[in-house]
Amino acid sequence: SGQFSLNIVRTHLLAQTAVSAQPSVIALRIAYRYSDPTQIVSDFTAGIVAGDAETLNWRRSNLIQEQLPAALRNLVWYGAVGVIGLVLLALFFYDRSRREVLILGIACLSTAGIFVTFFLKATLADIPAAAVISALLATAFAASLTQIWFPFAAAQRRVPLLFWILFAGSRAWQCPLYIFGTFLSPAHSLWLDGVSRTTWIRDSGILCQIAIQTSSFVAFWPYRRIARSRIPIAVVCMVWGATMMVYFSGWFFYSVHFYDVMDPMQALVVLCATAALLGLLFREQQRTAQERAELAGEMQAASSIQHMLAPAVLETAPSLHIDVAFSPMREVGGDFYLCRVLPDGRQRILIGDVSGKGAAAAMAATLLLGAASARGSDPPAILLAHLNRVLRENHLSGFATCLCADIVPNGTVTVANAGHLPPYRNGEEIPLDSGFPLGITRDAEYAETTLILAPGDALTLLSDGVVEARNFTGELFGFERTAAISTQSAESIASAAQAFGQDDDITVLTLIRLPVPAQSTAQPQASPLA
Numbered sequence: 285s286g287q288f289s290l291n292i293v294r295t296h297l298l299a300q301t302a303v304s305a306q307p308s309v310i311a312l313r314i315a316y317r318y319s320d321p322t323q324i325v326s327d328f329t330a331g332i333v334a335g336d337a338e339t340l341n342w343r344r345s346n347l348i349q350e351q352l353p354a355a356l357r358n359l360v361w362y363g364a365v366g367v368i369g370l371v372l373l374a375l376f377f378y379d380r381s382r383r384e385v386l387i388l389g390i391a392c393l394s395t396a397g398i399f400v401t402f403f404l405k406a407t408l409a410d411i412p413a414a415a416v417i418s419a420l421l422a423t424a425f426a427a428s429l430t431q432i433w434f435p436f437a438a439a440q441r442r443v444p445l446l447f448w449i450l451f452a453g454s455r456a457w458q459c460p461l462y463i464f465g466t467f468l469s470p471a472h473s474l475w476l477d478g479v480s481r482t483t484w485i486r487d488s489g490i491l492c493q494i495a496i497q498t499s500s501f502v503a504f505w506p507y508r509r510i511a512r513s514r515i516p517i518a519v520v521c522m523v524w525g526a527t528m529m530v531y532f533s534g535w536f537f538y539s540v541h542f543y544d545v546m547d548p549m550q551a552l553v554v555l556c557a558t559a560a561l562l563g564l565l566f567r568e569q570q571r572t573a574q575e576r577a578e579l580a581g582e583m584q585a586a587s588s589i590q591h592m593l594a595p596a597v598l599e600t601a602p603s604l605h606i607d608v609a610f611s612p613m614r615e616v617g618g619d620f621y622l623c624r625v626l627p628d629g630r631q632r633i634l635i636g637d638v639s640g641k642g643a644a645a646a647m648a649a650t651l652l653l654g655a656a657s658a659r660g661s662d663p664p665a666i667l668l669a670h671l672n673r674v675l676r677e678n679h680l681s682g683f684a685t686c687l688c689a690d691i692v693p694n695g696t697v698t699v700a701n702a703g704h705l706p707p708y709r710n711g712e713e714i715p716l717d718s719g720f721p722l723g724i725t726r727d728a729e730y731a732e733t734t735l736i737l738a739p740g741d742a743l744t745l746l747s748d749g750v751v752e753a754r755n756f757t758g759e760l761f762g763f764e765r766t767a768a769i770s771t772q773s774a775e776s777i778a779s780a781a782q783a784f785g786q787d788d789d790i791t792v793l794t795l796i797r798l799p800v801p802a803q804s805t806a807q808p809q810a811s812p813l814a
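Numbering-wise (the numbering used here), the sequence shown opens with residue 285 and increments by one.
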């Protein structure tokens, strides 16, 4: 049937009644489906031996003992490679940004898996040969694939298309046979086997296998540009690749003596190479972890500074009630605000958003807040023009939107806008002239808009992190939802945007003009002692 196990030494005991002085006739039928290019089964010399059970068992035990030492040696060596692969996978799960660690871990485990199948073969295990051949092809496929991929991942480069073509060619002479041969009729399967064993097809596959081992040399070219920390990794990869090129070249002048020397040499090189790469990658991961810890400390310090510059307790004029909600997307953000009472009694509110996120945006925001703090006498339009020049002259990348509003005690509000979202008054958007964002052009000018806040009126200023909040389906929070909740408290608006799906820094500042207290009109009574 062609369905056989790794235990190709089969013992058939004759019934006692069949043993007599008369000759016995045994009929055998041999069925072929395909040969075994993997040499997992069919490299034994077939033969028929008659004898008693003890003699036959002795012959089988001798065969196992002949094969076992070399198989056991390889199992130990490549088992160590497999352990290195498990350690590499553990390192990857600790830091999932290290893709090269994952690829090398898979390469180690798949290489170890190849030699597990050969150990099973040496022990004549009673395991279906089709399952073992499938496992061998899968592990060889993964080992070959990752040995191409790892050097390019370590060099932080993409694998060229040529190497994927070479990889396909290296497996083209085996895979069709084992994928389709089992399902075809014996005649068609044998025809496919004959095609796959054609000399030029087999040799082309081996040449492709040799060519893909040059990936280590190509990945790090030009060598003078290799980062100093990556030079040891490049050298180890090249030694590994050169060894595999020599090993596969042996197919063209196959001799038992050649592989008697190359098999242990290959095992030693692979074990040493993977152990060295484990040490190098682990050292890199330690250095990266240390740098991240230092960066986290710096970000924490920057976050503390930013919260000092944007305090929760606001400086507020007596006739106003102001609340603020500030929620950076990361430890630090590009949103900023200023709320202070100027010497002439005006309430100044400044809100802005620097393009980008993280420390760079926070630094630009801090610069703008510092520049605005020293210009209390400027009206809003002049202040925005000054901030625009500051951003340009400091050559910071990106830009910033900003809105400035000055409120006098009688409720008059003067607003200038540099590309920021217009504020909402009592739930309705206030139409404003929107000038250029800060940092776009040096000589930008900004218009001012005047409006009146009656007692009890509410004014809401916010950053685009509210409007651009995005849920898991990609839907934006949008202007309609923002307008609908703009009369709520700052904390409620920010919480609604966060619950929807925060995608950027969120800043909300709400202001209510308090009702003017009624003045008493009663005349004081004269004192009885007057």
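Glycine is no exception: its CB is placed at the ideal position from the N, C-alpha and C atoms.
Source: prediction; values computed, not measured.
Limits of the unbroken alpha helix (DSSP H) element including residue i
i	result
Gln424	For the record, residue 424 in the displayed sequence is Ala; it is not Gln. Element bounds for Ala424: 413 to 438.
Asn358	337 to 378
Lys641	Run containing Lys641: none; DSSP gives neither H nor E here.
Asp410	Looking at the DSSP string, Asp410 is not in any alpha helix (DSSP H), and its letter there is neither H nor E.
Leu312	Neither: Leu312 is in no alpha helix (DSSP H) and is coded neither H nor E.
Ile510	Ile510 -> no alpha helix (DSSP H), and no H or E assigned at all.
Val530	515 to 533
His296	Premise fails: His296 is in no alpha helix (DSSP H) and is neither H nor E.
Ile485	483 to 496
Arg455	445 to 455
Asp477	470 to 480
Ala503	499 to 503
Top-ranked residue by Cα proximity to residue i, from the options
i	options	result
Pro612	Leu795, Thr600, Ala643	Ala643
Val523	Leu491, Asp789, Val553, Gln351	Val553
Arg383	Gly363, Leu565, Ala354	Leu565
Cys392	Ile417, Ala526, Arg442, Trp433	Trp433
Gln835	Thr572, Phe763, Ser603	One cannot answer for residue 835 here, as it falls past the ends of the chain, which runs 285 to 814.
Arg614	Tyr531, Asp789, Ile724, Phe763	Asp789
Gly331	Arg294, Glu568, Ile348	Arg294
Thr395	Tyr362, Arg567, Leu798	Tyr362
Ile490	Ser661, Arg455, Glu775, Ala669	Arg455
Leu535	Arg567, Gly640, Cys492	Here residue 535 is Trp; the residue named in the question, Leu, does not match the sequence. Checked all of Arg567, Gly640, Cys492; the closest Cα to Trp535 is Cys492.
Phe761	Asp787, Pro739, Thr771, Ala738	Asp787
Glu350	Leu408, Asn672, Arg313, Val751	Leu408
Arg567	Ile517, Phe542, Ala580, Leu579	Ile517
Beta-ladder partner(s) of residue i, from DSSP
i	result
Ala702	Cys686
Ser289	Pro412
Thr794	Asp607, Thr744
Arg709	Glu712, Leu743
Every unbroken beta strand (DSSP E) within the segment 671 to 697, with a cutoff of 3 residues, ordered by chain: 684 to 691
Continuous beta strand (DSSP E) assignments of at least 3 residues falling wholly in the segment 599 to 635: 604 to 611, 619 to 625
Which runs of the alpha helix (DSSP H) spanning at least 4 residues fall entirely within the segment 715 to 789, listed in chain order? 748 to 751, 762 to 769, 774 to 785
Do three or more CB pairs link the segment 713 to 720 to the segment 746 to 762 at distances below 8 Å? no
If you pair each beta-carbon of the segment 554 to 561 with each one of the segment 380 to 396, do three or more pairs fall below 8 Å? yes
Between the segment 736 to 752 and the segment 763 to 781, do at least 3 Cβ pairs fall closer than 8 Å? yes
Does the structure place the segment 689 to 697 close enough to the segment 670 to 677 that three or more beta carbon pairs sit under 8 Å? no
At a cut of 8 Å, does the segment 507 to 519 reach the segment 542 to 555 through at least three beta carbon pairs? no
Tell me, please, whether the segment 400 to 415 touches the segment 479 to 496 by the rule of three or more beta-carbon pairs shorter than 8 Å. no
Should the segment 430 to 448 be called in touch with the segment 472 to 479, which here means at least 3 C-beta pairs below 8 Å? no
Is it true that the segment 782 to 798 meets the segment 726 to 735, where meeting means three or more beta-carbon pairs spaced less than 8 Å apart? no
Would you call the segment 680 to 694 in contact with the segment 645 to 662, where contact means no fewer than 3 C-beta pairs closer than 8 Å? yes
Touch check for the segment 369 to 377 and the segment 417 to 431: three-plus C-beta pairs under 8 Å? no
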